[in-house]
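In numbering that gives the first Met the number 0, the protein residues as written are 0 to 173.
Backbone N, C-alpha and C fix where the C-beta goes; we use that ideal spot for every residue, glycine too.
This report refers to the structure that appears directly beneath it.
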Amino acid sequence: MLNLKGELVYLRALESDDLDFLYHLENDTSLWEISGTTTPYSKGVLQLYLDNSHRDIYEVKQLRLAICLKNNRLIGLIDLFDFDPKNQRAGVGVVVRNSEDRNRGAGTEALQLLVDYAFSILNLRQLYANVSESNTASIKLFSKMGFIKVGVKKDWIFDNGSYKNEILFQKINN
């Protein structure tokens, strides 16, 4: 039986109480490069998103889960996106909002829980992640979790007046 609970964190569906967390996360310009965001989100728009977050992954092609510590404190989000059941693949994204919650194993455990879910429940064959070459923490995380660097997208991200490469990682369930 699959469990979305680990030693440090558990994953859960988004709740309406997550609005303030989501508002601050989505409007943190230091995270916009990771998410591809270019404009701020209003609480109204984010409330609509939360109101529809119950929709099935097969319908909306994405799944966003909250990463919570054992004390129920929400610290981040983990996503499956571009869900493609025909080709049995999806993209993965993870973010831990506050720096004091990073590098403590929460992201690693959340990613492992999501990988297990994707491979055993959704029957996916492969997952992929797009990571800026300057995001050393994410490069380390995905490498540690068995994702293989399969390519580099040259000059893929334009940020602060210059271009950055993006690394494509892939994990295949054999």
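{"Query": "Reduced DSSP secondary structure (H/G/I, E/B, other) of Q111", "Result": "helix"}
{"Query": "Outcome for D16 when other beta-carbon atoms lying within 10 angstroms are tallied against a minimum of 16", "Result": "exposed"}
{"Query": "Cβ-Cβ separation, F168 to I236 (assumed contact under 8 angstroms), whole Å", "Result": "Outside the shown range of the chain, which is 0 to 173, sits residue 236, and nothing can be said about it."}
{"Query": "Three-state secondary structure (DSSP) of Q46", "Result": "helix"}
{"Query": "N-terminal and C-terminal residue of the alpha helix (DSSP H) that K60 is part of", "Result": "It is not in any alpha helix (DSSP H) - K60 carries neither H nor E in the DSSP assignment."}
{"Query": "Contact set for I176: own chain, Cβ-Cβ below 6 angstroms, skip 5 residues either direction", "Result": "Residue 176 lies beyond the range of the chain shown here (0 to 173); nothing can be said about it."}
{"Query": "Environment of F141 [buried if 16+ CB atoms lie within 10 Å]", "Result": "buried"}
{"Query": "Spatial neighbours of I171 in its chain, beta-carbon cut-off 6 angstroms, leaving aside the 5 residues before and after", "Result": "Q125"}
{"Query": "C-alpha gap between S41 and Y22, whole angstroms", "Result": "7 angstroms"}
{"Query": "Inter-residue Cα distance where the pair is A12 and H53", "Result": "8 angstroms"}
{"Query": "L167: first and last residue of the uninterrupted beta strand (DSSP E) it sits in", "Result": "161-171"}
{"Query": "Residue nearest to V44 in terms of C-alpha spacing, selected from S29, G35, L18", "Result": "L18"}
{"Query": "Cβ neighbours of V8 in the same chain (closer than 8 angstroms, five flanking residues each side left out)", "Result": "I66, C67, L68, K69, I74, A105, E108, A109, L112"}
{"Query": "Of the listed residues F157, N173, I166, nearest to W31 (C-alpha basis)", "Result": "F157"}
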